[in-house]
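In what follows, a single structure is set out as structure tokens and then discussed.
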Amino acid sequence: KIAYESHILSDRQSVKHINKYTMKLSGLALIAAVAAGNYGANAFAFTGSNQPSTFGVYTCEESFTALNARPKKGKKVLGNVPASAGGFKKDITESEVRSLFSLWNDALATGDSKIVANRYANTAILLPTVSDVPRTDFGSIKDYFDSFLLKKPQGEILEGEIRIGDGWCQDAGIYEFTMGATGDKVKARYTYVYVYENGQWKIAHHHSSIMPEGIDVAKPITEGEVRGLFQLWNAALDTGDSATVANRYAKAGVLLPTVSDIPRTDYDSIKDYFDSFLLKKPQGEILESNVIVGTNWCQDAGIYEFTMGATGDKVKGRYSFIYMLEDGQWKIAHHHSSVMPE
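Quick look at the structure:
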């Protein structure tokens, strides 16, 4: 009996030991199953899932005033934090969205095209204001700003509308640039779409375009009308008034005259040349003409002949007129006149 009871007690202790061991294994298996179910094979990799997770405790803070912002210790975010373009979703306010433009504008002020290009996301697209070529990578974006930064631009947002999404935001409206190199002011329409990438808000899409109502795009002109522009200049000669002739030239027009070594590059110097030339009472006639028409510019080049009313002399010369559309009128941007070399 004693032996039998000892055997029963031993069996019970063994079962108790086995049950405790099994419970331990079951608990570990449950944890493994939960981990595998929530995260797959890579239990601690962020997958971008929008499902809530009790493991979601992150630390992430963005600086909106530094060009080279990096994630750093800050406010803890609990719960659902889906990944976005290589970083965590980052809440952002409308004022912070607007301040992203200031980061880009500050980058312009450095004059360094690399710093500007670094404000764009890895797969960004730039549709620039004054280039037909879409820029879709770092090299091509930098290339655009190599030229644009020579104008020393600084921008200001005049009006804009902001939209905020899940891991992205948009700012679209009208901005104005002051070109430090010339003092010119230029308005344009803009769209910025930002994404949160590697701990920073970056420009994923930037579309900038001219104000369409402020210019005449590709104003049509025929070859006959281009030749007719010479008649306007010739009629101005006939007035005998050097100011009237000088007004046929663009504001930044250049005149390389027939009988003066001095290039004339402004209104006063052009007028000065015609003060003397008009004393001969010249009237011109085109003998041979070759016309090229572009977008808001045209060219007429060939041979003309002047009859000097004061003496009756006739003088042939070679000519090039390049006209541009300025303030709604075709003006002479470049006029080169030379004697027949033979």
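Heads up: the sequence shown begins at 2 in the numbering used here, then just goes up one per residue. Using N, Cα and C, we set each Cβ at its ideal position, and we do this for glycine too. All values reported here derive from a predicted model rather than from experimental measurement.
Spatial neighbours of residue i in its chain, beta-carbon cut-off 6 Å, leaving aside the 5 residues before and after
{"i": "K320", "result": "Looking at the sequence itself, residue 320 is Tyr, so the reference to Lys does not match. Closer than 6 Å at Cβ, skipping near neighbours: Y305, S338."}
{"i": "H1", "result": "Since the first and last residues shown for the chain are 2 and 343, residue 1 lies out of range."}
{"i": "G310", "result": "K282"}
{"i": "W105", "result": "R120"}
{"i": "V316", "result": "F307"}
{"i": "I163", "result": "E95, V98, D172"}
{"i": "G285", "result": "N235, Y305, F307"}
{"i": "G1", "result": "This structure gives no information on residue 1, because the portion of the chain shown stretches from 2 to 343."}
{"i": "Y5", "result": "Note on Y5: pLDDT 45, under 50, position unreliable in the model; no value is reported."}
{"i": "I271", "result": "A247, Y250, L256, R265"}
Residue interval of the alpha helix (DSSP H) (run including residue i)
{"i": "D273", "result": "268-278"}
{"i": "R136", "result": "Where R136 is concerned, there is no enclosing alpha helix (DSSP H), given that its DSSP letter is neither H nor E."}
{"i": "L233", "result": "224-240"}
{"i": "D107", "result": "95-111"}
{"i": "T245", "result": "243-247"}
Pairwise C-alpha distance: residue j and residue i
{"i": "A205", "j": "D172", "result": "12 Å"}
{"i": "E327", "j": "K220", "result": "11 Å"}
{"i": "K115", "j": "R136", "result": "14 Å"}
{"i": "A236", "j": "T245", "result": "10 Å"}
{"i": "K332", "j": "K186", "result": "22 Å"}
{"i": "A251", "j": "L159", "result": "30 Å"}
{"i": "V292", "j": "D167", "result": "56 Å"}
{"i": "D269", "j": "N248", "result": "10 Å"}
{"i": "G329", "j": "E214", "result": "13 Å"}
{"i": "D144", "j": "I222", "result": "33 Å"}
{"i": "E63", "j": "G184", "result": "Interpretation of E63 is limited by its pLDDT of 40, a score under 50 that renders its predicted location unreliable; the figure taken from the coordinates is listed afterwards. Those two C-alpha atoms are separated by around 35 Å."}
{"i": "G303", "j": "I287", "result": "8 Å"}
{"i": "D262", "j": "L280", "result": "19 Å"}
{"i": "D138", "j": "D267", "result": "42 Å"}
{"i": "V134", "j": "T312", "result": "56 Å"}
{"i": "L151", "j": "H207", "result": "20 Å"}
{"i": "E157", "j": "N123", "result": "26 Å"}
{"i": "S132", "j": "I142", "result": "11 Å"}
{"i": "K91", "j": "N199", "result": "11 Å"}
{"i": "W202", "j": "I93", "result": "10 Å"}
{"i": "P1", "j": "G161", "result": "For the chain, the structure presents residues 2 to 343; residue 1 sits outside this window and is missing."}
{"i": "D273", "j": "D314", "result": "23 Å"}
{"i": "L1", "j": "E343", "result": "The requested residue 1 is not part of the displayed model; the chain covers only 2 to 343."}
{"i": "A253", "j": "I165", "result": "45 Å"}
{"i": "D239", "j": "E289", "result": "21 Å"}
{"i": "D301", "j": "S103", "result": "46 Å"}
{"i": "G241", "j": "F278", "result": "9 Å"}
Contacts around residue i, its chain only, beta-carbon distance under 7 Å, and the 5 residues preceding and following it disregarded
{"i": "D276", "result": "S243"}
{"i": "V340", "result": "T259, G318"}
{"i": "W169", "result": "V194, Y195, V196"}
{"i": "K233", "result": "Residue identity differs from the one stated: residue 233 is Leu in this sequence, not Lys. Hits under 7 Å: R249."}
Rounded distance between the beta-carbons of residue j and residue i, thought under 8 Å
{"i": "E191", "j": "S209", "result": "According to the sequence as given, residue 191 is Tyr; it is not Glu. Rounded, the Cβ-Cβ distance is 5 Å, consistent with contact."}
{"i": "A371", "j": "F149", "result": "No statement about residue 371 is possible, as the shown extent of the chain runs from 2 to 343 and does not include it."}
{"i": "Q155", "j": "L109", "result": "7 Å"}
Start-to-end residues for the beta strand (DSSP E) that takes in residue i
{"i": "L256", "result": "250-257"}
{"i": "T308", "result": "298-309"}
{"i": "I263", "result": "Where I263 is concerned, there is no enclosing beta strand (DSSP E), given that its DSSP letter is neither H nor E."}
{"i": "N119", "result": "Segment: none, N119 is in no beta strand (DSSP E) and carries neither H nor E."}
{"i": "R288", "result": "The question names Arg, but residue 288 in the sequence shown is Leu. It spans 283-294 - the beta strand (DSSP E) in which L288 sits, taken as one unbroken run."}
{"i": "A189", "result": "186-198"}
{"i": "A1", "result": "The requested residue 1 is not part of the displayed model; the chain covers only 2 to 343."}
{"i": "M325", "result": "315-327"}
{"i": "P154", "result": "154-165"}
{"i": "I203", "result": "For clarity, residue 203 is Lys in the given sequence; the question names Ile instead. Element bounds for K203: 201-211."}
{"i": "K332", "result": "330-340"}
Residues of its chain near residue i, where Cβ-Cβ distance is below 8 Å and the 5 sequence neighbours each way are ignored
{"i": "A189", "result": "T130, I175, Y176, E177, F178, S209, S210, I211, M212"}
{"i": "E224", "result": "V292, V294"}
{"i": "K153", "result": "G112, M180, G181, A182"}
{"i": "M325", "result": "A251, N297, W298, W331, K332, A334"}
Inter-stretch contact (C-beta, 8 Å, three-pair minimum) for the region 121-128 and the region 223-237: No, the region 121-128 does not touch the region 223-237.
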